[in-house]
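Residue numbers (the numbering used here): 189 to 316. Quick reminder that beta carbons are idealized off the backbone N, C-alpha and C, glycines included. Right, one structure below, let's go through it.
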C-alpha cells in the first residue's frame with residue numbers, strides 16, 4: 189500500500205509546497221528528532237518521500253530528492269501544474285508512459301513477428 193500524496197498549496201512567497209502536517213512539523217521543531225537522525229533511520233524510500241511531503245517540502249525540490257521516484261515526482265508536478273487530483277494525475281501520467289512504451293516497442297515487436305508496424309493494432313482492447 190502506498191501513502192497518499194499530500195495536497196499542494198501555494199505558500200506566502202508563491203512557492204508550491206505540499207501541505208504540511210502541523211503535528212509532524214511540531215514534533216520536528218520541538219526537538220524530538222532532527223533531520224540528521226531521521227536520515228539515519230532504516231526506513232523505506234516511500235516513507236522518506238511521504239515525510240518530505242508531511243513537513244511541507246517544495247514541489248520544485250521534491251523530484252531532486254534521491255528517494256523520490258520519477259513517477260512520484262511526475263505525479264506531484266502534474267498536480268501542481270494542473271490542479272488535478274492525485275488519482276487523475278497518476279492516470280494521466282501512466283497513460284503517457286503507456287503511449288511512450290507502445291511507440292518505442294512498435295518497430296521491435298513488428299520485426300520480432302515479421303510484420304509491418306502498420307499491421308499492429310493501435311489500441312489495446314480492439315477486437316480486430
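Is the CB-CB distance between residue i and residue j below 7 angstroms?
i	j	result
residue 244	residue 208	yes
residue 263	residue 281	yes
residue 161	residue 247	For the chain, the structure presents residues 189 to 316; residue 161 sits outside this window and is missing.
residue 275	residue 241	no
residue 305	residue 290	no
residue 336	residue 286	Because the chain is modelled from 189 through 316, residue 336 falls outside the range shown and cannot be assessed.
residue 292	residue 204	no
Which of the three DSSP states is assigned to residue i in this structure?
i	result
residue 248	helix
residue 281	helix
residue 270	helix
residue 194	coil
residue 313	Low confidence applies here, because residue 313 scores a pLDDT of 49, under 50, leaving its location unreliable and the question unanswered by this model.
residue 163	Beyond the ends of the chain as shown, which are 189 and 316, falls residue 163; an answer cannot be given.
residue 308	coil
residue 293	helix
residue 302	coil
Segments assigned alpha helix (DSSP H), at least 4 residues, entirely inside the region 197 to 244: Listed in chain order, the complete alpha helix (DSSP H) runs (minimum 4 residues) inside the region 197 to 244 are 210 to 217, 223 to 228 and 233 to 242.
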